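As structure tokens, the structure follows; a few thoughts come after it.
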Amino acid sequence: MHIVVCIKQVPDSAQIRVHPVTNTIMRQGVPAIVNPYDLYSLEEALRLKDKYGGRVTVLSMGPPQAEAALRKAISFGADDAILVTDRVFAGSDTLATSYALASAIRQIQKDMPVDMVFAGKQTIDGDTAQVGPGIAKRLDMQLLTYVSSIPALDMENREITVERRAEGGVQVLRTKLPCLVTVLEGNNEMRFATMANMFRAARYPLKVWDKDGAGIEDITKTGLKGSPTIVSKVFAPTAKTVKAEIIDTESNQPKDLAVTLLAKMFTQHPQLQREIGKSAN
Amino acid sequence: MSDANETSQAPKKPAGRRKFELDPALAAYKGVWVFIEHERGKVHTVSWELLGEGRKLADKLGVELAGVVLGTPGDMSRSFCAEAFRHGADLCYLMEDELLKDYRNEPFTKGLTDLVNRYQPEILLLGATTQGRDLAGSVATTLQTGLTADCTELAIDPENRSLAATRPTFGGSLLCTIVTLNYRPQMATVRPRVMAMPERDESRSGRIVEHPLGIVEASIITKVLEFIPDNLQDKPQLAFADIIVAGGRGLKKPENFHLIWELAKVLGAEVGATRPLVQDGWVEADRQVGQSGKTVRPKLYIAAGISGAVQHRVGMEASDVIIAINSDPNAPIFDFATYGIVGNAMTILPALTEAFRQHLATAKLAG
Ligand SMILES: Cc1cc2nc3c(=O)[nH]c(=O)nc-3n(C[C@H](O)[C@H](O)[C@H](O)COP(=O)(O)OP(=O)(O)OC[C@H]3O[C@@H](n4cnc5c(N)ncnc54)[C@H](O)[C@@H]3O)c2cc1C
Ligand SMILES: Nc1ncnc2c1ncn2[C@@H]1O[C@H](COP(=O)(O)O)[C@@H](O)[C@H]1O
Numbered sequence: 389m390h391i392v393v394c395i396k397q398v399p400d401s402a403q404i405r406v407h408p409v410t411n412t413i414m415r416q417g418v419p420a421i422v423n424p425y426d427l428y429s430l431e432e433a434l435r436l437k438d439k440y441g442g443r444v445t446v447l448s449m450g451p452p453q454a455e456a457a458l459r460k461a462i463s464f465g466a467d468d469a470i471l472v473t474d475r476v477f478a479g480s481d482t483l484a485t486s487y488a489l490a491s492a493i494r495q496i497q498k499d500m501p502v503d504m505v506f507a508g509k510q511t512i513d514g515d516t517a518q519v520g521p522g523i524a525k526r527l528d529m530q531l532l533t534y535v536s537s538i539p540a541l542d543m544e545n546r547e548i549t550v551e552r553r554a555e556g557g558v559q560v561l562r563t564k565l566p567c568l569v570t571v572l573e574g575n576n577e578m579r580f581a582t583m584a585n586m587f588r589a590a591r592y593p594l595k596v597w598d599k600d601g602a603g604i605e606d607i608t609k610t611g612l613k614g615s616p617t618i619v620s621k622v623f624a625p626t627a628k629t630v631k632a633e634i635i636d637t638e639s640n641q642p643k644d645l646a647v648t649l650l651a652k653m654f655t656q657h658p659q660l661q662r663e664i665g666k667s668a669n
Numbered sequence: 356m357s358d359a360n361e362t363s364q365a366p367k368k369p370a371g372r373r374k375f376e377l378d379p380a381l382a383a384y385k386g387v388w389v390f391i392e393h394e395r396g397k398v399h400t401v402s403w404e405l406l407g408e409g410r411k412l413a414d415k416l417g418v419e420l421a422g423v424v425l426g427t428p429g430d431m432s433r434s435f436c437a438e439a440f441r442h443g444a445d446l447c448y449l450m451e452d453e454l455l456k457d458y459r460n461e462p463f464t465k466g467l468t469d470l471v472n473r474y475q476p477e478i479l480l481l482g483a484t485t486q487g488r489d490l491a492g493s494v495a496t497t498l499q500t501g502l503t504a505d506c507t508e509l510a511i512d513p514e515n516r517s518l519a520a521t522r523p524t525f526g527g528s529l530l531c532t533i534v535t536l537n538y539r540p541q542m543a544t545v546r547p548r549v550m551a552m553p554e555r556d557e558s559r560s561g562r563i564v565e566h567p568l569g570i571v572e573a574s575i576i577t578k579v580l581e582f583i584p585d586n587l588q589d590k591p592q593l594a595f596a597d598i599i600v601a602g603g604r605g606l607k608k609p610e611n612f613h614l615i616w617e618l619a620k621v622l623g624a625e626v627g628a629t630r631p632l633v634q635d636g637w638v639e640a641d642r643q644v645g646q647s648g649k650t651v652r653p654k655l656y657i658a659a660g661i662s663g664a665v666q667h668r669v670g671m672e673a674s675d676v677i678i679a680i681n682s683d684p685n686a687p688i689f690d691f692a693t694y695g696i697v698g699n700a701m702t703i704l705p706a707l708t709e710a711f712r713q714h715l716a717t718a719k720l721a722g
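Those sequence lines, one after another, are chains U and W. Going by the numbering used here, the first residue of the first sequence is number 389, and it counts up by one from there. Going by the numbering used here, the first residue of the second sequence is number 356, and it counts up by one from there.
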């Protein structure tokens, strides 16, 4: 069995700061990490490999530095890693990204058939959850999003059963390989890297593909040119003009503050009286 | 949105003020569509919220607003159309087939794609739910058009009639506006509760346009074996709560969180929390309010020990009245709360609980 896991290197958004005056992103010193959601899908792929054998290839499109994310994945136990990097991909939106990744996966297929592609639920920078479904459509694979568990995999009949998060419940689906799976967070945890894999990761001869290596046929479908969506402006959320009315009393005793607040609130928002009476009953 | 490599860079092709000529073939695309999402016989409320928003867009463009219903033949699908009219739709595209009983990517993608190609809407909106995102990503790729996820604001650019879709970016610290110029339809998803629920108008009706799905079960590879409904009793229902009491890191210790529960109990309110508390396991993930949690719109939101970070703010700022309790007079939450108390949450919360208890007791006596 051969699984390709798509991973993306992202800035650790918890550490991103916006310059208060210029409203630009201050990226200096913001560490790049593997998109956290991709680790859930990598772990799930590694578990399938543990159970059924086979290979796991990690694939990323990004700048040359994204190499670090791929080596990280090798240290967790992935077998092969491919970095797709070329200036033509700069400015890709999700449609152009899924085009490039699907094309790279076709190239991978030439060496070894791909049974499953795994993608993260979403990225923490793009945050769209669109690239996975996009790849599935382009490769004509069955799409299984928000998968919480994979109770059965029958390699003989090439059938997979998954539980998928739906609105208001869990759908149990059965489908055929090849398929694309996006994995829900919180159902597994990334294993620790073993010493042996860390050594392997450091020495691993990464495959780096440019547009030709990735088999890009139509260059107009990549990068900014191949992206239907255009960012027309970036701005900071506007501050509300009315600030909170600060409740002040002479004594500033909690009890006085609470009573004053209630009196004020019920005068200015009489409808809340009813609302609170209703809920409390 | 500019994803992959260059998310971080300033836009290279500012499109806002640029004049452009829409391809004549695309100018034929007219009308605003909302995909009516349903599961187990119930329409997801996000669809009605989207109809409310779609109505405004359609009126601005001077075009019709349509609901799109894919479902089984019979009364249920027709009742969904009727409800769509009451929530503002002028017409509904209805695709009825037994194969559309449960949501599955393949037949729904085919159905919605066919409808778009046949009737050519300029805007197509879906809920940013597990179903809507699964479908939207597939349909946009099949149609080779632009899709903007998780929008918080939708508007029409007066200059070129295109959809200006605004969404948070960079982990929510900034917003960006995204347009899809020479592609149709312009697609966007919006999370539940981000848009207001429109007024329901019993007297409204509309026309139904039917279209066949035209495939057979044998051609669909994925089968639904089972649907295990969530046990709703076990799950917090924040999205539709009228009153929410929420706590943040200012509560200092998990033991102090009971102060939130006590106030909530007196008010009959739901309990919410900020992300750090969820991550530290004080409360379950379903109680997280904010960008990566739930969006809520209660009539009253009480925030104790919450700084008001933008990622929390986007999930609750649509609340009618916000009471903030924070020991720091400069906490950002005071910039958008209705009422603020500067003080220690550990002493204010019990006082507030007592004040509400007394208020309710008096109100009851008064009848
Ligand atoms: C990609 C991303 C997504 C995120 N999504 C979410 C999300 O969905 N929801 C969310 O909530 N956060 C989210 N966050 C985190 C968010 O940025 C903030 O870190 C978080 O909201 C802060 O939580 P807090 O207000 O509880 O803690 P803090 O920011 O630490 O604030 C604690 C506040 O308590 C006050 N305080 C201290 N002592 C007392 C006292 N005795 N009495 C009263 N007040 C006191 C302090 O003055 C301070 O203002 C996200 C972040 C990122 C990067
Ligand atoms: N540049 C990329 N390289 C590899 N995988 C990607 C890339 N962008 C997105 N993905 C995959 O697609 C998923 C969804 O991304 P997004 O649509 O940006 O939320 C991610 O979790 C990754 O698995």
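Backbone N, C-alpha and C fix where the C-beta goes; we use that ideal spot for every residue, glycine too. Since this is a predicted model, take the numbers as computed values, not measurements.
query	result
Who are the neighbours of Gln486 (chain W) on chain U, taking C-beta pairs under 8 Å?	Ala554, Glu555
Residues of the segment 387–414 of chain W in Cβ contact with chain U at a cutoff of 7 Å, in chain order, please.	Glu394, Arg395, His399
Whose Cβ in chain U lies nearer than 9 Å to the Cβ of Ala706 (chain W)?	Gln641, Pro642, Lys643, Asp644, Leu645, Ala646, Val647
Verify whether the separation of the beta carbon atoms of Gly623 (chain W) and Ala668 (chain U) is less than 7 Å.	yes
DSSP has Arg552 (chain U) in a bridge; who is on the other side?	U:Val535, U:Gln559
If Ala492 (chain U) sits next to Thr610 (chain U), beta carbons under 8 Å apart, how far is it from one beta carbon to the other, in whole angstroms?	That belief does not hold up - the Cβ atoms of Ala492 (chain U) and Thr610 (chain U) are roughly 11 Å apart, past 8 Å.
Given a threshold of 16 other Cβ atoms within 10 Å of its Cβ, counted over all protein chains shown, does Tyr440 (chain U) qualify as buried or as exposed?	exposed
On the criterion of 16 or more Cβ atoms from any shown chain inside 10 Å, does Met414 (chain U) qualify as buried, or is it exposed?	exposed
Which whole-angstrom value is the C-beta distance of Pro476 (chain W) and Ala421 (chain W), which I expect to be below 8 Å?	7 Å
Using only CA atoms, which one of U:Lys509, U:Ala624, U:Asp426, U:Glu605 lies nearest to Gly527 (chain W)?	U:Ala624
At a Cβ threshold of 7 Å, is Thr610 (chain U) touching chain W?	no
So if I threshold CB-CB distances at 9 Å, which residues from the segment 452–472 of chain W count as touching chain U?	Asp457, Tyr458, Arg459, Asn460, Glu461, Thr464
By DSSP, does Gly429 (chain W) sit in helix, in strand, or in coil?	coil
Taking only beta-carbon atoms, is Gly602 (chain W) less than 7 Å away from chain U?	no
Quick one: Cα of Ala673 (chain W) to Cα of Arg652 (chain W), how far?	5 Å
Using only the alpha-carbon positions, how far apart do Pro424 (chain U) and Ile512 (chain U) sit?	8 Å
For Glu438 (chain W), which residues from the same chain have a beta carbon less than 7 Å from its beta carbon, with the 5 sequence-adjacent residues on both sides left out?	Val398
Alpha carbon to alpha carbon, how far is Arg494 (chain U) from Glu605 (chain U)? Give it in angstroms, no decimals.	11 Å
Taking Ser620 (chain U) as part of the alpha helix (DSSP H), name the residues at either end of that continuous run.	Not the alpha helix (DSSP H): Ser620 (chain U) falls in the beta strand (DSSP E), residues 617–623.
Can you tell me whether DSSP reads Met543 (chain U) as helix, strand or coil?	coil
Contact defined as beta carbons within less than 8 Å: I believe Leu561 (chain U) pairs with Val550 (chain U). What is the distance between those atoms, to the nearest angstrom?	6 Å
Return helix, strand or coil for Met670 (chain U), following the three-state DSSP convention.	As displayed, chain U neither begins before 389 nor continues past 669, which places residue 670 (chain U) out of reach and without an answer.
Name the residue from U:Pro539, U:Thr570, U:Arg459, U:Pro658 whose alpha carbon lies nearest to the alpha carbon of Gln518 (chain U).	U:Thr570
Return the CA-CA distance between Val564 (chain W) and Arg441 (chain W), expressed in angstroms with no decimal places.	17 Å
Is the CB of Pro553 (chain W) under 7 Å away from at least one CB in chain U?	no
So, helix, strand or coil for Cys394 (chain U), using DSSP?	strand
Quick check: does the Cβ of Gly508 (chain U) come within less than 6 Å of any heavy atom belonging to ligand 1?	no
What three-state label does DSSP hand Tyr448 (chain W) in the structure shown?	strand
Is the Cβ of Val644 (chain W) closer than 7 Å to any Cβ of chain U?	no
Give a yes or no on whether the C-beta atoms belonging to Glu408 (chain W) and Met542 (chain W) are separated by under 7 Å.	no
Is Gly603 (chain U) close to chain W, meaning its C-beta is less than 7 Å from at least one C-beta of that chain?	no
Check Arg395 (chain W) in the structure and name its three-state DSSP category.	coil
Are the beta-carbon atoms belonging to Ile680 (chain W) and Gly663 (chain W) less than 7 Å from one another?	no
Can you pull the chain W residues whose beta carbon is under 7 Å from the beta carbon of Lys564 (chain U), in chain order?	Ile576
Where does Met586 (chain U) fall in DSSP's three states?	helix
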